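Residue numbers (UniProt numbering): 1 to 235. All remarks here apply to the structure that follows.
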Amino acid sequence: MDFGIFLGWNMNNNTWTITEELKPLTVNLDFQRNNKTVFKAASFAGYVGMLTGFKPGLFSLTLNERFSTNGGFMGVLEWILGKKDAMWIGFLTRAVLENSTSYEEAKNTLIKTKILAPAYFILGGNKSGEGCVITRERKKSLDVYELDLKQDRWYVVETNYDRWKHPLFLDDRRSAAKTCLNQTTQENISLPTIYDILSTKPVLNKLTVFTTLIDVTKGQFETYLRDCPDPCIGW
Numbered sequence: 001m002d003f004g005i006f007l008g009w010n011m012n013n014n015t016w017t018i019t020e021e022l023k024p025l026t027v028n029l030d031f032q033r034n035n036k037t038v039f040k041a042a043s044f045a046g047y048v049g050m051l052t053g054f055k056p057g058l059f060s061l062t063l064n065e066r067f068s069t070n071g072g073f074m075g076v077l078e079w080i081l082g083k084k085d086a087m088w089i090g091f092l093t094r095a096v097l098e099n100s101t102s103y104e105e106a107k108n109t110l111i112k113t114k115i116l117a118p119a120y121f122i123l124g125g126n127k128s129g130e131g132c133v134i135t136r137e138r139k140k141s142l143d144v145y146e147l148d149l150k151q152d153r154w155y156v157v158e159t160n161y162d163r164w165k166h167p168l169f170l171d172d173r174r175s176a177a178k179t180c181l182n183q184t185t186q187e188n189i190s191l192p193t194i195y196d197i198l199s200t201k202p203v204l205n206k207l208t209v210f211t212t213l214i215d216v217t218k219g220q221f222e223t224y225l226r227d228c229p230d231p232c233i234g235w
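Rendered as structure tokens:
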């Protein structure tokens, strides 16, 4: 999880101040009802929305920032002026994790619900072929990029850029991630190999706060605070 906004470069130790301040606030949460787990999530203490989490045995969900000219400031302005027909994205992810009872229900909710800010939703299921990246504008879905085993698309990657656009040449984490996945191969994918992929620079960078690994079917949920040793790109 990258914080995604450049705030306060510390020249003494080559880190972003906001990233370092968030690390000790990182928590793993277990939301329960009647002493039974409803969902688990990784977030920051004091933040009531959800960033990444999973519903054991059903699906996983991660929120990713999307930059757009029609961005969140417009949604917040409309909300302040009284137009409140859209949801805060952190509240939407929380509602989906709490209330959705299947991968398909979660996907449909994330596609159709109006939101205050553009976003990417990365959704994974418990069956072969269940996995997608949903590219959202505030009021509609632009794209749903799904796993497709018939086309040998056994993974999808999202790094804060629309998949049909080239990433900024200074921030091409996508190519690095895809290269690592292809070299690892589908047969060798596991939580340890995924951790290795997410530890590859520039996928891992100075903005990275934590890495969360999830196995929906086994109920595994692990979060690791990250440091990117120099030489390491700032974003």
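Cβ atoms here follow ideal geometry from the backbone N, Cα and C, with glycine treated the same way. From a predicted model like this one, the values you see are computed outputs, not experimental measurements.
- Counting along the chain, ARG138 sits inside no beta strand (DSSP E), nor does DSSP assign it H or E at all.
- Counted as a single uninterrupted DSSP element, the beta strand (DSSP E) harbouring GLN32 occupies residues 26-33.
- With respect to the 9 Å criterion, LEU29 and GLY49 are not classified as neighbours on the basis of their beta carbons.
- Assigned with DSSP and collapsed to three states, VAL203 falls in coil, not helix or strand.
- Contact annotation: ALA45 and LEU25 have beta-carbon atoms nearer than 9 Å.
- The DSSP assignment places complete alpha helix (DSSP H) segments of no fewer than 4 residues inside the stretch 158-217 at 173-184, 191-198, in order along the chain.
- Counting every other CB atom within 10 Å of its CB across the protein chains shown gives ILE122 a total of 16 or more, marking it as buried.
- Straight-line spacing of the CA atoms in ILE233 and ASN35 works out to 44 Å.
- For the pair TRP235 and LYS201, the CB atoms are not nearer than the 9 Å cut-off.
- Where PHE39 is concerned, the enclosing beta strand (DSSP E) starts and stops at 36-44.
- For PHE121, the enclosing beta strand (DSSP E) stretches over residues 119-124.
- For the set TYR103, THR211, ILE189, the Cα lying nearest the Cα of VAL27 is the one of THR211.
- Below 8 Å, too few C-beta pairs join the stretch 126-136 and the stretch 78-88 to call them touching: fewer than three.
- Three or more beta-carbon pairs drawn from the stretch 60-69 and the stretch 110-124 are found closer than 8 Å, and the two stretches are therefore classed as touching.
- Sixteen is the threshold: when 16 or more other Cβ atoms of the shown chains lie within 10 Å of the Cβ of LYS55, as they do, the residue is buried.
- The C-alpha of ASN160 lies about 14 Å from the C-alpha of TYR145.
- In this structure, ILE89 lies near ALA117, with their beta-carbon atoms less than 9 Å apart.
- For secondary structure counted as the beta strand (DSSP E) over 3 or more consecutive residues, the stretch 37-123 holds these complete runs in sequence order: 52-55, 59-65.
- When secondary structure is reduced to three states using DSSP, GLU130 falls in the coil class, being assigned neither helix nor strand.
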